[in-house]
Amino acid sequence: MFPLDNSRRFLWLLVLLFGCFLPCLADLKVLVRLEDGQLTEENLQADSDKDFITLEFRKTDGTFVTYLADFKQDVKIFHVLILGELERGQSQFQALCFVTRLQSNEIIPSESMAKLRQKNPHAVRQAEEMRGTDTLQMDVAINFTKGVQLTPHIHNICAEAKEAIYTRQEDVRLWLERGIDGSMFEVLPQPSSIPSLHPCKLCPQDWKPCICSYHLSLEWIPCSLKYCKNRDSSVKTTSYRCGIRSCQKAFTFHFYVAQKQLCLWDEET
Ligand SMILES: *[C@@H]1O[C@H](CO)[C@@H](O)[C@H](O)[C@H]1NC(C)=O
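All you need for the working numbering is the position in the sequence shown, starting with 1, plus 5.
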C-alpha cells in the first residue's frame, strides 16, 4: 500500500476495474463554477469501445453545451444550443456546431476516463491548470450529410445545427491529406476578400452578413494523468496512475453568418 498522506492528497482515484470488459462505459457528474460565478453540473461520459468522451453542461442563460472528443478520428465537436428570445422575434433555439482537430494533450484517453470515480460528488471542482483562450477562425462550412465521413458523431451531435457546422481551413488541409472527401467543405466569405464584412457587433443592419463570435469555456476537463511512485521499503520503485490533472480551457469562435440576426448574443458582450 502507498502511504496515507499520499493517498489523501488526491481527491480523485483512477480505480482499475478488473471486471470492466469492453465496452467500458462511465457516467460522471461534477460540480463546477462557471465564468459568471454560477454553479453548474458537468456530465462526463466515456465509451472506451467506440473511443470517445462527451462533456455536457448548461450555462446560466440556459444554453446547453456539448463537447465531444472522438479519439478514433482525432476530431472534437462543440455543440451549443442557444435559447432564442421569443419576444425579439427569434426562433426557439439556435444550434451551432464547431468541428476541429483534437490535440493530443487536451483530454485523457477514453479508457482512463471510463475508470474515473470521484470520492466526493458534492465538492465544487476547480481546475488545477488554466490553459487560456484559443481564438479560432471557423471559415469553412461542413455539409451535414457528408460530414459523417469526418466523424460519425456529427450526425448525433449536430443534427439540430445542419446549416451551421463550421471548421477551419487549416483543419481541412490536414483532413484532405488523410484522404477525407473535400466536397463536404465549403469555404465561407472572409473579411480579407470582402472588406464590407465586419464583426456583427459593429454591424448596424440586421439583414447584413457579418462575422459572428461565440465564446465558450470548459471549466473542468481531466486533461492529463498523474503518476505516483510507489515508495514502499522494497528495492523496486514503480510508478502507477494515481489520479488526474484538471484544466480549464476557453475558446472564441469567429464565423460567417448571412444575417446579423443569426448572431444577436454578440450585441450584449
Ligand atoms: C450536402 O450533400 C448532400 C449529399 O451529397 C447534397 O444532396 C446536399 O445538397 C448538400 N448540401 C449543401 C447545402 O450543399
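Ideal Cβ placement from N, Cα and C applies to all residues, glycine included.
query	result
Lysine 167 beta carbon near ligand 1 (any heavy atom closer than 6 Å)	no
Any non-hydrogen atom of ligand 2 within 6 Å of asparagine 110 CB	Absence of ligand 2 is noted for the structure shown, with ligand 1 being the only ligands found.
Local conformation of methionine 6 per DSSP, three classes	Confidence in methionine 6 is poor, its pLDDT being 38 and thus under 50, which makes the residue's placement too unreliable to answer from.
DSSP-derived helix/strand/coil call for glutamine 264	coil
Which of helix, strand or coil DSSP assigns to histidine 2	This structure does not reach residue 2, given that the chain is present from 6 up to 274, and the question cannot be answered.
Under the three-state DSSP convention, the category serine 96 falls into	coil
Nearest-angstrom Cα separation, counted from asparagine 235 out to alanine 255	35 Å
Threonine 151: CB within 6 Å of a non-hydrogen atom of ligand 1	In the sequence as presented, threonine is not what sits at residue 151; that position holds lysine. It does: the Cβ of lysine 151 is within 6 Å (strictly closer) of some heavy atom of ligand 1.
Histidine 84, DSSP secondary structure in three states	strand
Option nearest valine 145 by Cα separation, candidates Thr138, Tyr171, Glu133	Tyr171
As assigned by DSSP and simplified to three states, the class of cysteine 205	helix
Exposed unless 16 or more other CB atoms sit within 10 angstroms - verdict on aspartate 32	exposed
Counterpart residues of asparagine 48 in DSSP-defined beta bridges	Lys34, Glu61
Under the three-state DSSP convention, the category asparagine 174 falls into	According to the sequence shown, residue 174 is glutamine rather than asparagine. If DSSP states are grouped into helix, strand and coil, glutamine 174 belongs with the helices.
Nearest to threonine 65 (by Cα), restricted to the options Leu44, Leu202, Ala166, Leu49	Leu44
Burial state of glycine 67 (16 or more Cβ within 10 Å)	exposed
Contact belief for valine 128 with glutamate 224 at Cβ below 8 Å, rounded distance in angstroms	Strictly speaking, residue 128 in this sequence is alanine, with valine absent from that position. Actually they are not in contact, since the Cβ atoms of alanine 128 and glutamate 224 sit about 14 Å apart, beyond 8 Å.
Runs of alpha helix (DSSP H) wholly within the region 104-173 (minimum 4 residues, chain order)	115-119, 159-162
Buried/exposed call for glutamate 47, threshold 16 Cβ in 10 Å	buried
The beta strand (DSSP E) enclosing leucine 73, as first and last residue numbers	69-75
Contact test: asparagine 148 Cβ vs ligand 1 heavy atom, cutoff 6 Å	yes
Closest residue to isoleucine 147 among Ser117, Met135, Lys167, Thr71 (Cα-Cα distance)	Lys167
Alpha-carbon to alpha-carbon, histidine 220 and leucine 285	This structure gives no information on residue 285, because the portion of the chain shown stretches from 6 to 274.
Residues near arginine 14 in its chain [Cβ-Cβ closer than 7 Å; skip 5 each side]	Residue placement at arginine 14 cannot be trusted, given a pLDDT of 42 that sits under 50; the coordinates are not used to answer.
Residues of its chain near glutamine 78, where Cβ-Cβ distance is below 7 Å and the 5 sequence neighbours each way are ignored	Leu155, Thr156
Pick from Phe190, Phe98, Phe62, Ile113 that is closest to aspartate 56, judged by C-alpha positions	Ile113
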